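Below is one structure; the comments refer to it alone.
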Amino acid sequence: MGNNLVRAAICGTGSYLPENRLNNSDLEEMVETSDDWISSRTGIRSRRIAGAGEITSVLATRAARNALDASGIAADEIGLIIVATITASSAMPSCACRVQRDIGAGNAVAFDIGAACSGFVFALDMAEKYIRANPAIKALVIGAETLSNRVDWNDRNTCVLFGDGAGACVLAGADDGRGILAGRLYSDGSLGELLHLTPLAGSNPYLGDSPPAGAGVDFSLLGRGNGEGSYIKMAGREVFKNAVRAMEEVVEKVLADLGLSGDDIALLIPHQANIRILENLAGRLGGDPGKIYINVDKYGNTSAASIAIALDEAARGGRIKEGDLVMLCAFGGGFTWGAQVIRW
720 MGNNLVRAAI CGTGSYLPEN RLNNSDLEEM VETSDDWISS RTGIRSRRIA GAGEITSVLA
780 TRAARNALDA SGIAADEIGL IIVATITASS AMPSCACRVQ RDIGAGNAVA FDIGAACSGF
840 VFALDMAEKY IRANPAIKAL VIGAETLSNR VDWNDRNTCV LFGDGAGACV LAGADDGRGI
900 LAGRLYSDGS LGELLHLTPL AGSNPYLGDS PPAGAGVDFS LLGRGNGEGS YIKMAGREVF
960 KNAVRAMEEV VEKVLADLGL SGDDIALLIP HQANIRILEN LAGRLGGDPG KIYINVDKYG
1020 NTSAASIAIA LDEAARGGRI KEGDLVMLCA FGGGFTWGAQ VIRW
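Spelled out as structure tokens, the structure:
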């Protein structure tokens, strides 16, 4: 393979969602809200909540194994593991190092990156550059979050939005036209306070010895923790305005870089923040709403895991076929945002 022809191609995808499901009707019992209010404003009807012992690295490991199985690539062939997360259970060891250990990828360099909801797109960009520099490298890129640890369950403006989950993909060098064709990343720290994490008095409520009883969530555990971590705080209206504008602009710029139009894209997979942002983005881009993948109704906002989960669902559900052009776009706290076009 010649370096000038090599692109980072996706060889397999995987995801993992916790079994615990928190429906809007459950939230009605916890805060002053309603199913109609949540679904009409956000499009969210349920979200998944991590169970006992399901720290972020556990979710990430399960998604990684599914991606490796789909790719046919063995763990010891992986040379790079990047986990995008803002909810790692520890800063040291990193979530990526825990995944490396748990899947037996002893030959991999492993590290985390934090770019909030844009994390998976940022991690893909980094892995792509590693593969361009050394086409022999095979990479495992994961977005994983346990945002239930970072939610103030007394704040009805934010607790209805977020869920837990993980998604992953395996990338390898390809010279047959497949792979990441182009992408752009941006950051603006001057707006960081509009969406940020603040200190709290509680952390992961699911690190006890036994899981919640039954198939549902033990609501008495929510919000109880050990004094670590932080709450998500958000200026919703300002975040909405910036998110729509930023994602629209970056999508248009990446399309222009490739000399493409929206009509050339088979599927747009945006960060699943809320339905109003997705609908607004679709309207501004003037595209077919059916070409935008949406699963926010099932999982809520899973931050860095969002696009990774949606990509796996789309691939396994037959929404993407060989040769399709797929666009990913994200916006997250920081602020961070970016987009990529991938030939499947």
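When you read off a place in the sequence shown, starting at 1, and then add 719, the result is the number in my numbering.
Ideal placement from N, C-alpha and C gives every residue a C-beta, glycine not left out.
The model shown is predicted, which means the values in this text are computed figures rather than measured ones.
Checking the sheet assignment: what are the DSSP bridge partners for residue i?
i, result
"V828", "L799"
"T917", "Y950"
"G862", "A803, G886"
"R740", "R767"
"P989", "C1048"
"A901", "V1060"
"K848", "Partner(s): none; K848 has no beta bridge."
"F881", "N1020"
"G892", "A727"
"S906", "T1055"
"I1011", "L987"
"K857", "A891"
Since residue i and residue j should fall inside the 8 Å C-beta cutoff, what is the C-beta to C-beta distance between them, to a whole number of angstroms?
i, j, result
"D795", "G825", "6 Å"
"I832", "M845", "7 Å"
"A1058", "L1047", "6 Å"
"S759", "R740", "Contact doesn't hold; Cβ gap of about 20 Å is too wide."
"R1062", "G896", "6 Å"
"A1033", "I988", "6 Å"
"N993", "V1015", "6 Å"
"F881", "N743", "Not a contact, Cβ separation roughly 13 Å."
"V725", "G892", "5 Å"
"F1042", "A835", "According to the sequence provided, residue 1042 is Gly. The question's Phe does not apply to it. About 32 Å separates the two Cβ atoms, so there is no contact after all."
"F830", "A803", "Contact doesn't hold; Cβ gap of about 11 Å is too wide."
"R875", "I951", "That pair is no contact at about 13 Å."
"R817", "S776", "4 Å"
"L914", "V958", "5 Å"
"Q819", "A807", "Going by Cβ atoms, the distance from Q819 to A807 rounds to 14 Å, so no, they are not a contact pair."
"R700", "I822", "Outside the shown range of the chain (720 to 1063) lies residue 700, about which nothing can therefore be said."
Which residue marks the beginning of the beta strand (DSSP E) containing residue i, and which one marks its end?
i, result
"D728", "A small fix is needed here, since residue 728 is Ala in this sequence, not Asp. Here the beta strand (DSSP E) through A728 covers 726–735."
Measuring CB to CB, does residue i end up less than 8 Å from residue j?
i, j, result
"V879", "L974", "no"
"T865", "D871", "no"
"G862", "A1001", "no"
"Y905", "W1056", "yes"
"I797", "L843", "no"
"E847", "A727", "yes"
"I792", "A815", "no"
"M966", "F1050", "yes"
"I1011", "Y1018", "no"
"I996", "A962", "yes"
"G733", "D1031", "yes"
"K960", "R903", "no"
"L890", "I774", "no"
"S949", "Q991", "no"
"G731", "S790", "yes"
Hey, quick one: how far does the alpha helix (DSSP H) through residue i stretch, first residue to last?
i, result
"W872", "Looking at the DSSP string, W872 is not in any alpha helix (DSSP H), and its letter there is neither H nor E."
"F1083", "Residue 1083 cannot be examined here, being either before or after the span of the chain that is shown, 720 to 1063."
"T780", "775–790"
"E912", "Premise fails: E912 is in no alpha helix (DSSP H) and is neither H nor E."
"V818", "814–822"
"E1032", "1025–1035"
"R760", "754–761"
Counting only beta-carbon atoms, is residue i nearer than 8 Å to chain B?
i, result
"P1008", "Absent from the structure: chain B. Only one protein chain is present."
Tell me whether the stretch 882–902 and the stretch 775–783 touch, counting them as touching only if at least three CB pairs, one residue from each stretch, are closer than 8 Å. yes
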